[in-house]
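For the sequence shown, counting from 1, position 99 maps to 99 in full-length UniProt numbering; every step adds exactly one.
Backbone N, C-alpha and C fix where the C-beta goes; we use that ideal spot for every residue, glycine too.
For reference, the structure discussed in these notes is given below.
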Amino acid sequence: MTKVTEFLVVDRPASYNVIMGTPWLNSRHAIPSTYHLCLKFPTPNGIEVIWGNPRLSRKTASDENTRNQDSAELFWQSRKIVTLEKKHGPTCEPVVTVCLDEAFPERCIEVGANLCVPLTTELITCPKKNFNTFAWAAEDMPGI
1 MTKVTEFLVV DRPASYNVIM GTPWLNSRHA IPSTYHLCLK FPTPNGIEVI WGNPRLSRKT
61 ASDENTRNQD SAELFWQSRK IVTLEKKHGP TCEPVVTVCL DEAFPERCIE VGANLCVPLT
121 TELITCPKKN FNTFAWAAED MPGI
């Protein structure tokens, strides 16, 4: 019995010789076992078993582990370089302090001074409308 199967061949290092998806396995009534390094499937003559090579499996797993460690090291080195390149002195943009309620002058917010007028207005109007939503002190958070 012959079943034609379309495969995609990729020339990349990997710890697997072949990756067979669940739909393919289900269509062939195949049962894979990574622990036993085998693939069982029914044929007209009974159950056939394709066995993997344990020595090759250990080697490819070891190679994959080495590649993963190298990739992780390269990733963190590149992150360090990016972090070092991005380090700049703190930027202190000017802000405007806005008191939300004259009865409580300590309850203020700061809004960027360089923002456009519509955005500034919205950033001030919303907290003023929802003044009671904010917890200004521990007493404002009963149950915590």
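- For Val-49, same chain residues with a beta-carbon under 6 Å away, outside a window of 5 residues either side, are Cys-38 and Lys-40 in chain order.
- Straight-line measurement puts the Cα of Glu-6 at about 14 Å from the Cα of Thr-22.
- Taken through DSSP and simplified to helix, strand or coil, Pro-42 comes out as strand.
- Excluding the 5 residues flanking it on each side, Ser-57 has same chain C-beta neighbours closer than 8 Å at Leu-37, in chain order.
- In the three-state scheme derived from DSSP, where H, G and I count as helix and E and B as strand, Ile-19 is classed as coil.
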